[in-house]
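In our numbering, the protein residues as written are 10 to 190. Where is the CB? At the ideal position from N, CA and C, for every residue including glycine. Here the structure is a predicted model, which means the values were calculated and not measured. Read the structure below first, then the notes.
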């Protein structure tokens, strides 16, 4: 699976390509079998934030061995904004691997097991807003930012012109696919 929005994903009906990406993902996952279970399309940034907090809280309430949370921050500035929350996750023994454009401060990097600095790519999955965990409840949340290119990763979710489209799923096969990213 190519975890990037490709030219063929973009249509006149969906210039962002998110729908095409989801269709490709579904076809690869199903391989002619039954549809993805526990899958929901999201279009509200506020709903996505609520789901993000639910995932973080679930992981916090059920600490244990081998807890890992993969988080797409889009860029290092977003990690700065969330640094207290992720310091709390680390203190409870949860390993967080963060992804985003640019380098982060040593202080903020210390709140994570690892920071993966990425080049700017508004079409790539790894540059989006996401949380993935295999426990206590396996879940994948992805919020693709569909705003204008110059607004990507800038400001908050309710900033003027901000738009997101994504999904949440507890499909274990999807987790396996994403582990190959």
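Where do the ends of the alpha helix (DSSP H) carrying residue i lie?
i	result
residue 86	85-90
residue 65	54-70
residue 37	27-39
Measure the beta-carbon distance from residue i to residue j and round it to whole angstroms, keeping in mind my assumption that it falls under 8 Å.
i	j	result
residue 27	residue 155	6 Å
residue 29	residue 23	7 Å
residue 174	residue 56	So it is not a contact: roughly 11 Å between Cβ atoms.
residue 116	residue 127	Contact flag wrong, Cβ pair sits at about 20 Å.
residue 93	residue 65	The pair is not a contact, with the Cβ atoms about 12 Å apart (cut-off 8 Å).
residue 125	residue 150	Actually they are not in contact, since the Cβ atoms of residue 125 and residue 150 sit about 18 Å apart, beyond 8 Å.
By alpha-carbon positions, which one of the options ends up nearest to residue i?
i	options	result
residue 107	62, 141, 45, 157	141
residue 85	172, 180, 174, 161	161
residue 119	148, 88, 131	88
residue 179	37, 54, 105, 46	46
residue 152	25, 126, 129, 10	25
residue 67	148, 164, 124	148
residue 48	54, 58, 32, 62	32
residue 37	59, 18, 11	11
residue 91	76, 70, 71, 62	62
residue 145	70, 18, 16	70
residue 133	96, 95, 122, 158	158
residue 104	96, 76, 58	76
residue 14	131, 163, 164	131
Which first and last residues belong to the beta strand (DSSP E) in which residue i is found?
i	result
residue 110	104-110
residue 49	48-51
Looking at chain D, is there any beta carbon in it that lies within less than 8 Å of the beta carbon of residue i?
i	result
residue 124	No chain D appears in this structure, which consists of one protein chain only.
May I ask whether a heavy atom of the ligand SAH can be found less than 7 Å away from the beta carbon of residue i?
i	result
residue 35	Within the structure as shown, the ligand SAH is missing, as the structure has no ligands at all.
Continuous beta strand (DSSP E) assignments of at least 3 residues falling wholly in the region 116-180 = DSSP runs (the beta strand (DSSP E)) wholly in the region 116-180: 123-127, 138-142, 148-154, 173-178.
query = Does the count of Cβ pairs from the region 80-91 and the region 130-141 closer than 8 Å reach three?
reply = These segments touch.
query = Would you say the region 31-46 touches the region 158-172, given that touching needs at least three Cβ pairs under 8 Å?
reply = Put simply, the region 31-46 does not touch the region 158-172. Fewer than three CB pairs are less than 8 Å apart.
key: Given 8 Å, three or more beta-carbon pairs between the region 124-139 and the region 95-103   = The region 124-139 makes no contact with the region 95-103: fewer than 3 CB pairs, one atom from each, lie closer than 8 Å.
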